[in-house]
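Trainee: Pasting a structure below so you can have a look.
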Amino acid sequence: MSGSGLRSGQLADAAGVNLQTLRYYERRGLLASPQRSPGGHRLYPSDTVTLLRIIKTAQRLGFTLNEVADLLAAGQHQHNGRPDTGLQARAKDKLAEVEQKLADLSVIRDTLRAAISAGCDDLVACAGSACCPLPFAELAERNDRADTC
1 MSGSGLRSGQ LADAAGVNLQ TLRYYERRGL LASPQRSPGG HRLYPSDTVT LLRIIKTAQR
61 LGFTLNEVAD LLAAGQHQHN GRPDTGLQAR AKDKLAEVEQ KLADLSVIRD TLRAAISAGC
121 DDLVACAGSA CCPLPFAELA ERNDRADTC
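Read in order, the letters of the sequence shown correspond to residues 1 to 149 in UniProt numbering.
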């Protein structure tokens, strides 16, 4: 790649990231250290744009950078014959995690709607009221059970 390739700014613009992101991904090992031009500029292969888009898409799907690194490594090593290391298995795990978060958010949404409907306006007063829809009593029971365990 003598003299060819994308400079940092070009790569960042093409992939829709900033320069600090490039450096951070290099430190994390998600991007290989680029070659340097004779003038000392970093030169990235053009396929690095695709790699950055893959990383950002995986993050938007809820994967952490550690999980993205594992996925990239698993893809490079052809899964080592293990079906539990590839995208399919990890996507199923991530989907289950997202579905649990959605269920939790649904409970929060419904509880907040109930608090609005009940006219709750003062947390202290509401906590002492038997008709308060907020889960104060449930949390106290959980804490009491945890204290006795």
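Every residue, glycine too, gets a C-beta built ideally from N, C-alpha and C.
Determine the closest residue to A32 out of G40, R23 and P38, with distance taken between C-alpha atoms.
Mentor: R23
Trainee: Would you mind listing the beta strand (DSSP E) stretches within the UniProt domain "HTH merR-type" (5-74) that are 3+ residues and don't spill past its ends, in chain order?
Mentor: none
Trainee: Applying the 10 Å Cβ sphere with the 16-neighbour rule, what's the burial state of L95?
Mentor: Residue burial is scored here from C-beta neighbours: L95 has fewer than 16 other C-beta atoms within 10 angstroms and is therefore classed as exposed.
Trainee: Measure the Cβ-Cβ separation of P133 and A103 and say whether it is below 8 Å.
Mentor: no
Trainee: If we count the other Cβ atoms within 10 Å of its Cβ and call it buried at 16 or more, is L6 buried or exposed?
Mentor: buried
Trainee: If you measure between the beta carbons of A58 and L71, is that distance less than 8 Å?
Mentor: yes
Trainee: Classify A127 as helix, strand or coil using the three-state DSSP reduction.
Mentor: If DSSP states are grouped into helix, strand and coil, A127 belongs with the helices.
Trainee: Since Y44 and L11 should fall inside the 8 Å C-beta cutoff, what is the C-beta to C-beta distance between them, to a whole number of angstroms?
Mentor: 5 Å
Trainee: Which of the three DSSP states is assigned to L87 in this structure?
Mentor: helix
Trainee: Pull up the distance between the alpha-carbon of S129 and that of R27, whole angstroms please.
Mentor: Their backbone Cα atoms lie some 54 Å apart in a straight line.
Trainee: Quick check on this structure: which residue in K56, S8, E99 and T111 has the alpha carbon closest to the alpha carbon of G40?
Mentor: Checked all of K56, S8, E99 and T111; the closest Cα to G40 is S8.
Trainee: Using CA coordinates, which residue listed in S4, I116 and E99 is at the minimum distance from S37?
Mentor: S4
Trainee: Are the Cβ atoms of A15 and L61 separated by less than 8 Å?
Mentor: no
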